[in-house]
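J.: Numbering (the UniProt record's numbering), first residue to last: 1 to 498.
#1: Helix, strand or coil for residue 184? Go by DSSP, reduced to three states.
#2: Measuring alpha carbon to alpha carbon, tell me which residue in 274, 194, 353, 289 is nearest residue 239.
#3: Could you give the DSSP three-state label for residue 213: helix, strand or coil?
#4: Return the residue from the list 402, 368, 67, 46 that minimises the CA-CA distance to residue 253.
#5: Who are the near neighbours of residue 471 in its chain, counting only those whose CB is closer than 7 Å to its CB and skipping five residues on each side?
#6: Assuming residue 74 contacts residue 434 (C-beta within less than 8 Å), just tell me the rounded distance between them.
#7: In the DSSP assignment, what residue or residues form a beta bridge with residue 249?
#8: Indicate whether the contact test is met: 3 or more Cβ pairs, each with one atom in the stretch 379-393 and one in the stretch 235-249, closer than 8 Å.
#9: Go ahead and pull the three-state DSSP assignment for residue 83.
#10: What are the boundary residues of the alpha helix (DSSP H) that includes residue 352?
#11: What is the DSSP secondary structure of residue 441, reduced to helix, strand or coil?
#12: Quick one: what does DSSP say residue 227 is sitting in, helix, strand or coil?
#13: Give the DSSP-derived three-state secondary structure of residue 256 in the structure shown.
#14: In this structure, how does DSSP classify residue 19 when only helix, strand and coil are distinguished?
#15: Please classify residue 97: does DSSP put it in a helix, a strand, or coil?
#16: Given a cut-off of 9 Å on the beta-carbon distance, is the pair residue 464 and residue 423 in contact?
#17: My assumption, with CB atoms under 8 Å, is that residue 278 sits in contact with residue 403. Please give the rounded CB distance.
#18: Quick one: Cα of residue 116 to Cα of residue 400, how far?
#19: On the three-state DSSP scale, how would you describe residue 329?
#20: Do residue 256 and residue 335 have their C-beta atoms closer together than 9 Å?
#21: Does the structure place the stretch 214-226 close enough to the stretch 292-308 that three or more beta carbon pairs sit under 8 Å?
#22: Whole-angstrom Cβ separation of residue 376 and residue 329, contact assumed at under 8 Å?
#23: Use the C-beta contact count for residue 218: other C-beta atoms within 10 angstroms, 16 or more gives buried, fewer gives exposed.
#24: By alpha-carbon positions, which one of 456, 271, 33 ends up nearest to residue 248?
#25: Rounded to the nearest angstrom, what separates residue 282 and residue 413 at their Cα positions?
#26: Whole angstroms is fine: what's the gap from residue 505's alpha carbon to residue 291's?
#27: Candidates 212, 30, 451, 44: which alpha carbon is nearest residue 266's?
#28: Please classify residue 31: is it buried, with 16 or more other beta-carbons within 10 angstroms of its beta-carbon, or exposed?
#29: Checking 9 Å against the spacing of the C-beta atoms, do residue 175 and residue 436 come in under that value?
#30: Which of the three DSSP states is assigned to residue 275 in this structure?
#31: Quick one: using the 10 Å Cβ neighbour count with 16 as the cut-off for buried, is residue 372 buried or exposed?
#32: Hey, quick one: how far does the alpha helix (DSSP H) through residue 296 stretch, first residue to last?
#33: Please report how far the alpha carbon of residue 37 lies from the alpha carbon of residue 25, in whole angstroms.
#34: Only counting the same chain, and skipping five residues up and downstream in sequence, which positions put a Cβ closer than 6 Å to that of residue 250?
#35: Identify, in the order they occur along the chain, each residue of the same chain with its Cβ nearer than 6 Å to the Cβ of residue 18, setting aside the five sequence neighbours on each side.
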């Protein structure tokens with residue numbers, strides 16, 4: 001039996017890394033001693049690292065160290081320190097004053113306090129599954145025509161709003177979603193349907209209009225509008241932004257791929273509970289247990305999306321064949337997982353390797369990488385928009401953090417970094433986020449992909465950093481003036497007393 005099987009199962013496993021190492025060893029023979037040391041360093045890195053795209057973060061912002069550690073904590077970023085020998089004591093981490101250790105221990109503190117009891121806050125119903133049958137039946141009675149549905153979500157006497165929105169989506173890098181929200185009953189549906197309409201996807205993909213309308217309504221209904229940041233307005237902004245990038249990137253993006261992108265953007269934060277992955281994991285929430293502490297929120301968003309798509313009435317991909325649907329699912333899952341900030345630096349590392357390629361063929365710009373990067377850009381889109389618009393989003397995410405902190409405080413848990421309303425410093429927090437998180441992504445994406453109007457995007461991002469720095473300098477100057485005035489007043493009082 002063994003011989004018979006071995007004859008039939010004559011497969012050979014091919015390890016590409018083995019070929020790479022063999023080529024390097026062959027090249028090394030012909031090199032000088034100094035060059036051999038460089039090759040040895042490369043071989044050692046290839047052999048010893050399980051994941052070559054792991055990122056070690058060095059301290060480049062010492063004056064913002066506390067804010068850096070706060071954002072790393074909220075991102076659930078696991079640093080992999082550069083190894084210098086086998087002695088653990090020789091590994092130094094940024095923040096030698098111990099602030100990193102203090103911040104990273106908070107999750108363990110929360111876990112320790114909450115292990116034996118449940119949080120007193122009301123549990124979100126979104127942990128329990130798809131929408132109710134009543135909601136489904138109500139949505140099924142929605143509009144069967146996209147134009148009627150689009151007009152219906154625009155408030156009465158706001159007819160010009162539809163043409164304004166279509167124009168912004170087609171011809172501009174910035175759509176003021178807050179303006180849309182003020183004049184629109186359902187901003188996410190409006191933006192999603194407008195993007196489908198302006199790109200002519202219904203005709204070219206033979207899409208079912210009623211299913212599109214019902215899908216958009218079902219997704220919007222699942223967003224928690226009590227969240228200051230992760231709500232339907234944020235989702236609408238991300239849909240608008242991914243539409244901008246996919247229409248302007250200099251790579252072939254066919255109609256089906258564009259639809260995949262719009263769907264992923266619309267649902268990328270669906271049913272978000274308004275707290276971080278770290279909080280859910282530390283408190284042993286049902287979601288963390290269900291998704292094994294791995295990209296908890298992102299995996300929940302994917303599951304919620306596919307629960308909706310599993311109903312025929314909402315299946316916007318129903319006209320596609322099995323192979324295309326499978327490819328669609330793979331791309332959408334990858335896109336939404338890419339929004340997990342815990343893997344943010346690692347994904348930038350993967351993207352950055354493409355800049356070293358000498359040709360487009362060598363770059364190997366996979367469709368999945370393109371789509372994941374475009375959603376990451378769109379998800380942080382407000383960071384590269386006019387300052388007043390960006391500032392509003394910054395205030396909203398801060399408010400959401402504060403509410404998490406208040407939940408922690410009410411349950412006698414340690415308050416997570418950036419979540420303490422009493423110690424908040426928005427300008428310093430935003431300078432850190434824009435410099436540490438947003439800038440590397442936007443700059444690397446700009447090096448790898450050619451995108452029309454991208455200079456404007458980068459310019460707005462840099463301007464926002466400068467604006468926040470100006471706020472910091474103004475605040476510090478005000479403090480110095482106050483101290484100087486108090487000192488002068490005290491000196492005058494002493495002189496008068498004498």
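Beta carbons: idealized from backbone N, C-alpha and C, even for Gly.
T.: Per the coordinate set shown:
#1: strand
#2: 194
#3: helix
#4: 368
#5: 427
#6: Wrong, their Cβ atoms sit about 15 Å apart, outside the cutoff.
#7: 451
#8: yes
#9: Reliability of the predicted coordinates at residue 83 is poor, the pLDDT of 38 falling under 50, and the value obtained from them is presented with this limitation in mind. Residue 83 falls in the coil class under three-state DSSP.
#10: 344-353
#11: helix
#12: coil
#13: helix
#14: helix
#15: The predicted position of residue 97 is uncertain, since its pLDDT is 39 and thus under 50; a value taken from the coordinates is nonetheless stated next. Note: residue 97 maps to coil in three-state DSSP.
#16: no
#17: Wrong, their Cβ atoms sit about 15 Å apart, outside the cutoff.
#18: With a pLDDT of only 36 at residue 116, under the threshold of 50, the placement of this residue in the model should not be trusted; the figure read from the coordinates follows. Going from the Cα of residue 116 to the Cα of residue 400 covers about 26 Å.
#19: helix
#20: no
#21: yes
#22: So it is not a contact: roughly 19 Å between Cβ atoms.
#23: buried
#24: 456
#25: 10 Å
#26: The question about residue 505 has no answer, for the chain in this structure spans 1 to 498.
#27: 212
#28: exposed
#29: no
#30: coil
#31: buried
#32: 296-309
#33: 12 Å
#34: 450
#35: none
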